[in-house]
Structure formats: structure tokens, C-alpha cells
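335 is the number that the working numbering gives to position 335 of the sequence shown; each next residue is one higher, with no gaps. Backbone N, C-alpha and C fix where the C-beta goes; we use that ideal spot for every residue, glycine too. Computed from a predicted structure; not experimentally measured.
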Amino acid sequence: TVSLSMPIMKTVLIIIISTMVLSVTSFAPMIPLQRSAILTQSLLQVWMADEKEHKNLISANKSRREIFVESTSKIVGGVASLSILEQTGFNQAAIAFSPNALSYSSLSTSTANTAPLQTFSGGNVVMPPMGLGTWAWGDSLFWGYDPRLDNELKEVFDYALERKIAFFDTAELYGIGRSEKLLAEFRDASGRSNEVSIATKFAAFPTRTKAKDVVDACKASVKRLGGKPIDLYQVHFPNAWSNAEYWDGLADAYDMGLVKSVGVSNYGVDAVRAAHSALKARGIQLATNQIQLSLLYRFPIDNGLLRTCDELGVKVLAYSPLCLGFLTGKYNKGNLPSGPRKAAAKKLFEGESDVAFSNLISVMQTIADKNKDASLSQVALNWTRAKGTIPIPGARNLRQAKQNLDALNWNLTEDDVRALDQASIAVPPYIDPAKSPFAKKDIRTGLVMFDS
1 TVSLSMPIMK TVLIIIISTM VLSVTSFAPM IPLQRSAILT QSLLQVWMAD EKEHKNLISA
61 NKSRREIFVE STSKIVGGVA SLSILEQTGF NQAAIAFSPN ALSYSSLSTS TANTAPLQTF
121 SGGNVVMPPM GLGTWAWGDS LFWGYDPRLD NELKEVFDYA LERKIAFFDT AELYGIGRSE
181 KLLAEFRDAS GRSNEVSIAT KFAAFPTRTK AKDVVDACKA SVKRLGGKPI DLYQVHFPNA
241 WSNAEYWDGL ADAYDMGLVK SVGVSNYGVD AVRAAHSALK ARGIQLATNQ IQLSLLYRFP
301 IDNGLLRTCD ELGVKVLAYS PLCLGFLTGK YNKGNLPSGP RKAAAKKLFE GESDVAFSNL
361 ISVMQTIADK NKDASLSQVA LNWTRAKGTI PIPGARNLRQ AKQNLDALNW NLTEDDVRAL
421 DQASIAVPPY IDPAKSPFAK KDIRTGLVMF DS
């Protein structure tokens, strides 16, 4: 058994991660320096405290190199995954993650009948009007994943398949491959593989600088997903360099038959145009851009990103459509969420945001009341649908999946959308895209990569 002591691991990780974060912020500011240090230190503390997982790597007879790579990937992945949380102005104490710190809100058990569904074509993948995000499927660091509850995740999978909405979004970072493996396992057990679409994502680590890195990562994802071509392969987030190489890598993976269609995520207006042009030159359509969009985060609408994607025929996948649970009605001044979301909640429930946010919730409730068994969550999801996007909310159990997918049983009217727009515009932004940890610009080309 290969052993790597915790002190050595911590020292190595501190050097590597600090170097990577500081080097990137030196050339293309991603996170203010002070927050970089806090985030790095906090993530290291979380990881190094998880001795059980470290011991599992060792007991699995993994090599010293494999232990190092998996450990480093987890920390770097954490930096990327915390994009929304970093914007909320968290402090060091806020990174005391509890297993349910980011859980979705209270859920109903509506059992409405399935409604006819519209599908959307993106490249060579056909997508239903809503997908399911699977970040929590396998991620123990942020979501408290417990393999003993895999049967509940399978129930979610089977229900989506029953509703003919089996479109799942995952990533190599989610549970360091565990999410992909679970999806492959559930798909194979269903006996209906042809009815399932899976989208996964390439992690644009600063150390990955070649097209071959994309292809190699793609091959690893294909293997974890059971050897079948990936329906949609996306670049997870922009890097401070080598972005053009990533687009070549996507095209190479497509030409090799590893993937059926390709997309990007967290790309701004200029970056989407550049990626679309580069892929078009190789005869490939950029299928999707996965971005944050909700009634509390409407920057992609206001800055023209949504319009640009529509113009180019790039379908938008909307992540965080429930905005960390704030659009569900679960929280109020007397019931704030714990953990990293608390700071953001205070901005909404206190000061100048309080009245405007309360009004937004009131408008949402009025609309929900007009539709039998509808919830605030469904109103929020249907607003993103009304904007022409495909929302991909997460679900960890059958109740959550039913509530999310039952939003497809009804639609907002034009008056509903207008009322929601007016109410949401009045709410002061609770997060600032400028504070996102994603690389804002490619330092080699000057291309603006991220704007919202």
C-alpha cells in the first residue's frame, strides 16, 4: 500500500493551489487576492480534515501520483464550483460546510399527469424543455453525498425516464467522476439507453493547455459513462489562457466520434462568438452555452448574452434557476439559510433589497395561486423557460424531481412574464459578475471570456 502522509499532502497542495491561484490572479484577476487566500486555505482545511476519503485513496492501492492528482483536482474543482458562493461575499467562517448547506428548498409531491413536451435540437443532440443537474450525485465535499442513498438517485433517474425527460447534466468534477459513473450505472440498468441523453463537462484547469488534454479528458469521461459516445460535451468554464486550444479539442473529440455535440459553459458574448466561429470553421455547430440565469440573476438578458446565443443558434442551458433556493419561498428574515448562502440571504432580506424582493415573491405567489398545485419553484423555472432557455435544476430525491418536472405541465402567460420581469428588475443585484472567480479575459489573445 502506497502511503502519503497528511502533512506532506497539505504542504504540496498549498504550494500547488496557491501558485495556480496567485499566478492566474496576477495576469487575469479572477478573485480578489484576499479572497483567493481565504478560499484556498478554507478548501484545504475541508479536504485535509477528510481523513476518511484520503485513507480510501490509499487503501485502493492507488499510486502516489494518482493520489496527488485526485486530491489536487478536488481542490481546484472546488474553486470553480464555488463561483456563485464566492460572489456572496463569504468570509472564512462561512466555509464551515454542513452536509445540507446548499440543499434545495421545501418540496411538494404533486403528481400531475405528463404533458406533451417540446424538444430542442442543439448540434446532434435533442434536448427536452428541462434537464436535471447532478452536481450533488457523488459530491461529498459540498453536498454530503452518501452512497447508501444511491437508490434515491436512481428513483430520480427512473422518474425522469418515465416522464421522457431523461436529460442529465454532469461533469468530470462532480464527485471526481462518481456522478458520471452513477449515470452510466442507472442508464444501463434501465434497458432504455437510447432514451437517455447525458451532458458532461471538461474542467479547464490552468495546467491543461492543449487540444489533446480535452480529448484525453473526454476519453476518460466516455469510459466512466460506460463506453458510449457523449451526447453533449462542454468546456466547464473559461481559462485565463488556451481557450482556443480547447475549442480545437472539442472539434477533435467530435471528429473522433467520442461526442455527438459540443458546448461551452460560463462563456460571455465575445467568447461565445469566438467559439462558435472556430467550431464553424471545422464544420461543427456550437450547440449550447450553460450559464447562470434566474429571476435574481438576469445579467445575461440585460447585457445581450442571451440575444447573442439566440442569434448564433446556441441553446442556453440555465443553471441555478432557483438561485440557491432563494426563489422557493422557504427563507425569510427569521429563517435564513446556513453556511455560505447566509451572506447573500441577508442582502435580499435586509436593507434596500428587502421590499423589492418581498414584492417579487408576492408576484410569484400570485401566479402560482392561479395554477393548481403550482409552487414558487415552478414559477421560477417557467420564467427561465419563457426566456427560451432550458433550466437544469438539481434533484436528489423523487419529491424534488417531481416538483421540478411538474413545472412542464403549465406555462406562464405573457402578462405573467411581464409582471415577473418588472418585479425582478426592481431587486438590487445580490451578487456581482465582476467578482466571479472565472477568468474574465484570455491573457494571450485579449478575448473577453466571461461577462455574466
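Counted as a single uninterrupted DSSP element, the alpha helix (DSSP H) harbouring V156 occupies residues D150 to E162. The Cβ atoms of M449 and G268 lie closer than 8 Å to each other. Residue range L286 to Q292 is occupied by the beta strand (DSSP E) that includes Q290. Cα atoms of C323 and M130: separation of roughly 16 Å, rounded to the nearest angstrom.
Under the three-pair Cβ rule at 8 Å, the stretch 188-200 counts as touching the stretch 155-169.
For M127, the secondary structure class from DSSP, reduced to helix, strand or coil, is strand.
Counting only the Cα atoms, V314 lies some 33 Å from N359.
Taken through DSSP and simplified to helix, strand or coil, Y297 comes out as strand.
Non-local C-beta neighbours of V125 in its own chain, meaning closer than 8 Å and more than five positions away in sequence, comprise S197, A199, D231, L232, K260, S261 and A287, ordered along the chain. Excluding five sequence positions before and after W247, the CB atoms of its chain that fall closer than 7 Å to its own CB belong to A275, A278 and L279, given in chain order. In the pairwise beta carbon analysis, the stretch 183-192 is classified as not touching the stretch 202-219: fewer than three pairs are separated by under 8 Å. Boundaries of the alpha helix (DSSP H) around I425: E414 to I425.
The Cβ-Cβ distance between L182 and D150 falls below 8 Å. Each of D442, D451 and S452 was checked against the Cα of S242, and the nearest Cα belongs to D442. With a cutoff of 8 Å on beta-carbon distance, L153 and W137 are scored as near each other. If the five residues before and after L381 are omitted, its C-beta is found closer than 8 Å to the C-beta atoms of M130, P321, L322, P391, P393, N404 and A407, all from its own chain and listed in chain order.
The three-state secondary structure of P429, taken from DSSP, is coil. Put simply, of P428, F438, S375 and R282 the residue whose alpha carbon is nearest the alpha carbon of L412 is S375. Secondary structure of F450 (DSSP, three-state): coil.
Counting the other CB atoms within 10 Å of its CB gives P128 a total of 16 or more, which places it among the buried residues.
Cβ contact annotation for Q365 (same chain, cutoff 6 Å, sequence separation greater than five): none.
For the set G133, I425 and K440, the Cα lying nearest the Cα of F299 is the one of I425. Here Q292 is not near Y331, since their CB atoms are 8 Å or more apart. Annotation: S265 to L317 spans about 9 Å, alpha carbon to alpha carbon. Taking V363 as the centre and dropping the five residues before and after it, the same chain places the C-beta of A419, L420 and A423 closer than 7 Å to its C-beta, in chain order. Within the same chain, Cβ atoms closer than 8 Å to the Cβ of K346 are found at L336, the five residues on either side in sequence being excluded.
Between A251 and R282, the gap from beta carbon to beta carbon is short of 8 Å. For the stretch 213-292, the continuous beta strand (DSSP E) assignments of 3+ residues that do not extend past its boundaries occur at 232-235, 262-265 and 286-292, in sequence order. Assignment of beta-bridge partners to T328 by DSSP yields no partner. The continuous beta strand (DSSP E) containing T200 extends over residues S197 to F202. Contact annotation: E172 and A204 have beta-carbon atoms that are not nearer than 8 Å. In the displayed model, Y174 falls within a helix according to three-state DSSP. Just so you know, the alpha carbons of A184 and D415 end up roughly 42 Å apart. By the neighbour-count criterion, in which 16 or more other beta carbons inside 10 Å mark a residue as buried, P437 falls on the buried side. Distance from the Cα of K223 is smallest, within the candidate group G325, S179 and G304, for S179. Of the residues assessed, R307 falls on the exposed side of the cut-off, its CB having fewer than 16 other CB atoms within 10 angstroms.
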